[in-house]
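Note that my numbering has the sequence shown beginning at 309, numbered continuously upward.
Ideal placement from N, C-alpha and C gives every residue a C-beta, glycine not left out.
On a predicted model such as this, the values are computed, not experimentally measured, just so you know.
Accompanying notes for the structure given below.
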Amino acid sequence: KHTVERMIESLDIPATILRPAYFMQNELMVQQTIQNYSVYPMPIGSAGVSMIDARDIADIAAAELLRRDRAPSALDRVTLELVGPQALTGAAAANIWSSALGREIAYGGDDVAAFEAQLAAYGPAWLAYDMRLMMSGIQTFGMQAAEGTVERLQTILGRPLRTYEDFVREATAGV
Numbered sequence: 309k310h311t312v313e314r315m316i317e318s319l320d321i322p323a324t325i326l327r328p329a330y331f332m333q334n335e336l337m338v339q340q341t342i343q344n345y346s347v348y349p350m351p352i353g354s355a356g357v358s359m360i361d362a363r364d365i366a367d368i369a370a371a372e373l374l375r376r377d378r379a380p381s382a383l384d385r386v387t388l389e390l391v392g393p394q395a396l397t398g399a400a401a402a403n404i405w406s407s408a409l410g411r412e413i414a415y416g417g418d419d420v421a422a423f424e425a426q427l428a429a430y431g432p433a434w435l436a437y438d439m440r441l442m443m444s445g446i447q448t449f450g451m452q453a454a455e456g457t458v459e460r461l462q463t464i465l466g467r468p469l470r471t472y473e474d475f476v477r478e479a480t481a482g483v
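As structure tokens, then:
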């Protein structure tokens, strides 16, 4: 991603660069674990992750494409950090699943080595290692919206960003 952004900058291409945070839809991969074992397994820690719904990413991308298409001349390059409206911790995410499912969902904790080992048992080791590094970074630095970012995105959309509660409610409808 960084290499492509550097190329766009070096060639002075007037583009909109989208930098999405952690997708809410990633949680669909662990939904069965949450429902069957009553544990939220993603070790996202306590620094805060502003997860974004992939549908909001699509809507923002479409709005930016239309804005550029309708402009009378080339627009300046812009970078959009795509984040959701809330900075969630692992415990907060577990609580949201608890509310949606009507029973206690525990946070699995921050052990990224155990997380990597579990992933490697079911998939490629390189992917498990990459996920470990990502989760370690999220625990250390978080993945939060800068001041004014949520408002900027909501202005582009003309509506509020989707919340994690709404996403989980939709994911668990009929469960």
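Taking C-beta separations shorter than 6 Å and ignoring five residues to either side along the sequence, the partners of Ile-464 in its chain run Ile-368 and Ala-371, following chain order. Each of Leu-388, Gln-426 and Gly-450 was checked against the Cα of Gly-456, and the nearest Cα belongs to Leu-388. Pairing Leu-396 with Met-359 gives a Cβ-Cβ distance under 8 Å. In the DSSP assignment, Leu-427 falls within the unbroken alpha helix (DSSP H) covering 420 to 428. DSSP places Glu-317 inside the alpha helix (DSSP H), whose first and last residues are 310 to 318.
Secondary structure of Leu-373 (DSSP, three-state): helix.
For Arg-477, the closest C-alpha among the options Leu-374, Arg-376, Ala-399 and Ser-406 is that of Ser-406. Per DSSP, reduced to three states, the secondary structure at Arg-363 is helical. The alpha-carbon separation between Ser-346 and Arg-467 amounts to approximately 33 Å. In the DSSP assignment, Arg-327 forms a beta bridge with Glu-389. Pairing Pro-349 with Ile-321, the inter-Cα distance amounts to about 41 Å. The shortest C-alpha to C-alpha distance from Asp-418 to any of Leu-390, Asn-344, Pro-380 and Gly-353 is the one to Gly-353.
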